[in-house]
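The numbers in the sequence shown follow the working numbering, run straight up by one, and end at 341.
Every residue gets a Cβ at the ideal spot worked out from N, C-alpha and C, and that includes glycine.
The structure displayed is predicted, hence computed values, not measured ones.
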Amino acid sequence: MSQRSFASAEYAMKKKLTRREKFLADMERIVPWPRLIAVIEPLYPKSGRVGRPPIGVTKMLRMYCLQQWYGLADEALEDALYDSQALRDFVGVDLSRESVPDATTLLKFRRLLQANDLTRALFDEINAHLSEQGLLMRAGTIVDATIIAAPSSTKNEGNARDPEMHQTKKGNQWFFGMKAHIGVDAESGLVHSVMGTAANVADVTQAGALLHGDETHAFGDAGYRGVGKRKEAQGPQWHVAMQPGKRRKLDLTRRWAQLLEQVEQLKASVRAKVEHPFHVVKNLFRHRKARYKGLAKNEAQLFSLFGLANLVIAKRELLAIHARGAS
């Protein structure tokens, strides 16, 4: 019996499941793997270098998903796969017969996705799957944006910051980087549209592009005031938050002010759903800083991140659907 088999047997006999193992087991069940593989496979190389068999698209897609879920660089993911039996089992790597795909192979896979706009296609395929499960409604949209920081240092080969990133002021603090703009389903909290821009682009200018066209109501914070007058954003009825300064000045001893405050609280309760995808991407997936140089590469990653975030948000419902299908 090989050394790997002894290690695998010992690993399988352990009594406690780690949080990582539970998460990966859930993702194994709810990610629509065949659909995502079908998106990539027509453009995936059919043969590898001379003397080296090609690595299957399934393994590369699973590695790519791990990279998004755990916020790992290419080399860090390669090391993590060698270190973790749970990650190797998820990808399907048996060290007794093969080595872990190296960082360069993952880099080439990511470039393939970007060059062919496949991250957007994967995002759309995930959402099509969620729609078929009855989880993605189309009556209302919440729009919002968050800043993704980028390195502001000029201590690099070109002695310059990324020219496609810009700085913006939020409150009394300056930020340098990009913005992730999203449109979220008002019922389920699932993301249906994504855009990446420089950080200095005003949120309201992207609102129209975040609508899918079938919604009857749209919601935004105070940064979207005036959006209903923009030609590209016309269609739904807009519910935009009152400016914080004006809201603080409301005389809540007056009946009309109390009614306005109740309306603002109701609008805020709907808009709160847009924060969940940002929480998943920034806190659970650890994507607080732009990983690559240039907007195109970073926007491509945003499609992957928010597509996978949708699966995490809908995990409970998808697991229930999977359990019913298995019974």
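Comparing alpha-carbon positions, the option among ALA340, ALA323, LEU224 and ARG338 lying closest to MET41 turns out to be ALA323.
The C-alpha of VAL218 lies about 23 Å from the C-alpha of LYS311.
By the C-beta criterion, the region 141 to 157 is judged to be in contact with the region 190 to 198, since at least 3 inter-stretch pairs fall below 8 Å. Annotation: VAL295 is outside any alpha helix (DSSP H) and is labelled neither H nor E by DSSP. Taken in chain order, the complete beta strand (DSSP E) segments of 3 or more residues contained in the region 95 to 181 are 154 to 163.
When DSSP reads this structure, SER207 sits in a beta bridge with GLY197.
Distances from the alpha-carbon of GLY259 to those of GLN248, ALA236 and LEU273 put ALA236 closest. Between LEU325 and HIS301, the C-beta gap is not smaller than 8 Å, which leaves the two residues out of contact. Contact holds between the region 112 to 125 and the region 71 to 80, because three or more Cβ pairs, one in each stretch, are under 8 Å apart. Taken through DSSP and simplified to helix, strand or coil, HIS301 comes out as coil.
Counting only residues of its own chain and dropping the five nearest sequence neighbours on each side, SER166 has a CB closer than 7 Å to the CB of ARG175 and PHE190. For GLY339, the enclosing alpha helix (DSSP H) stretches over residues 329 to 340. Pairwise C-beta distances place the region 42 to 62 in contact with the region 124 to 144, as three or more of them are shorter than 8 Å. A straight-line Cα-Cα distance of about 13 Å links LYS281 and GLU201. Taking the Cα of VAL114 as reference, the smallest distance to any Cα among ASN130, PHE37 and ASP97 is reached at ASP97. At the C-beta level, ARG239 and VAL254 come within 8 Å of one another. Per DSSP, reduced to three states, the secondary structure at HIS226 is coil, with no helix or strand assignment. According to the DSSP assignment, VAL71 belongs to the alpha helix (DSSP H) that extends over 71 to 84. Each of ALA87, TRP83 and VAL205 was checked against the Cα of HIS290, and the nearest Cα belongs to VAL205. Beyond the five residues adjoining it in sequence on each side, GLU229 comes within less than 7 Å, by CB distance, of ARG152, ALA153, GLY154, THR155 and PRO250 in the same chain, given in chain order.
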